[in-house]
Amino acid sequence: MESHAFAPAFTAGDREAVYRTILNRRDVRSQFLPDPVPFEVLSRLLVAAHHAPSVGFMQPWSFIVITDQTVRHRIKEAFRVANAEAVAMFPEGERRNLYQNLKLEGILEAPLGLCITCDRERAGPVVVGRTHIPIMDLYSTVCAVQNLWLAARAEGIGVGWVSILHEQALKDILGIPNRVVPVAYLCVGYVNAFCTAPELETVGWRQRLPLDQLVCFDHWDRTEAPEAPELRRALRRTMAEMTTMIPMQPDQL
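According to my numbering, the residues represented by the sequence shown are 11 to 263, in order.
As structure tokens, this is what we get:
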């Protein structure tokens, strides 16, 4: 029988730390502290983001670090305008009332703002891997966002993604050229605590979906296959085991 040499894996402790970081990542809005983020720490977060996978090794991202209070107040006003529009999109009643009570940003509370952008022309008109799915560069930039977010959580730093903004308003405030897309505006800073569950789940906006109901085999809606029962059992068992990593113990925060 042919044998295969596997690439070396990380230690069990290293693997657990990765999964623990993923499971305890949160979208932070209201727990920010005013303490500044040291540039040494910010540098590590940016290095992590810069090592994200990218289509055609395009590396389309750039990072706008925002500390100026005047700029942040302008972004907060842009959020206020967009959020007023968002309120009207929900039907009157309990849902709209719940939305209006949600804390959806920490633009002024967080000591740091960070806009991660995508330069869609950085690698020229034809990019390896982007020939048939033209928005792969945007997906690549989102991978950079996730890398930074997880690195921040490992550093004990909170991140909140503010998406209730008109793209053009953000571009005007930050002087972003037309070819560049602002993919994410992030609020970044130390926090007094990380929530044990996503805030939208806690307030009853939505609940986490059962993972075993989201897996298909060989076709979009084919949920049954010979291996389906075994995988479902494994998923349920693994979910139960891994969720014991939430919340983290005080000495792990």
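Note that the Cβ used here is the ideal one computed from N, Cα and C, for glycine as well.
8 Å Cβ cutoff met for residue i and residue j
i	j	result
I183	A92	no
I167	V51	yes
V38	G214	no
R218	C226	no
L221	L245	yes
A154	A59	yes
L180	P192	yes
L9	L55	It is not possible to answer for residue 9, since the shown part of the chain is limited to 11 through 263.
S150	P70	yes
L43	N202	yes
P257	T206	yes
T31	R216	no
V152	M68	no
S40	K113	yes
Sequence-distant residues of its chain with Cβ nearer than 7 Å to residue i (five each side left out)
i	result
T80	none
A139	Going by the sequence as given, residue 139 is Gly instead of Ala. Excluding positions up to five away in sequence, the list reads V65, G66 and M146.
S72	T127 and D129
A19	none
H176	A88 and A92
R189	D129, R130 and E131
P46	P121
L148	C128, V191 and V193
Beta bridge counterpart(s) of residue i as assigned by DSSP
i	result
I167	Y200
V190	D129
Sequence-distant residues of its chain with Cβ nearer than 8 Å to residue i (five each side left out)
i	result
E26	M255
T253	L33
M11	Residue placement at M11 is flagged as unreliable, the pLDDT there being 45, under the threshold of 50; the coordinate-derived value follows with that caveat. So the list is empty, once near-sequence residues are dropped.
Q259	Because Q259 carries a pLDDT of 48, less than 50, the predicted location of this residue cannot be relied on, and no value is offered for it.
Close beta carbons around residue i, own chain, < 6 Å, minus the five adjacent residues each side
i	result
T141	none
F204	R36
D261	Low per-residue confidence applies at D261: pLDDT is 43, beneath 50, and the placement is therefore not dependable, though the value from the model is reported in the following sentence. Once the five neighbours on either side are set aside, D261 has no close Cβ partner at all.
A22	none
A62	C153, A154 and N157
L263	Bear in mind that a pLDDT of 41 at L263, under 50, signals an unreliable position, so the number given afterwards is only what the model happens to contain. Hits under 6 Å: none found.
D78	none
D228	none
Contained alpha helix (DSSP H) runs [length at least 4] in the region 26–78, N- to C-terminal order
49–60
Stretch-stretch touch, CB-based, cutoff 8 Å, three pairs: the region 185–200 with the region 104–120:
yes
Could you name each continuous alpha helix (DSSP H) segment of 4 residues or more that falls completely within the region 95–180, going from the start of the chain to the end?
104–110 and 146–164
Kindly provide the ranges of any alpha helix (DSSP H) runs that are 4 or more residues long and lie completely inside the region 238–262, ordered along the chain.
238–252
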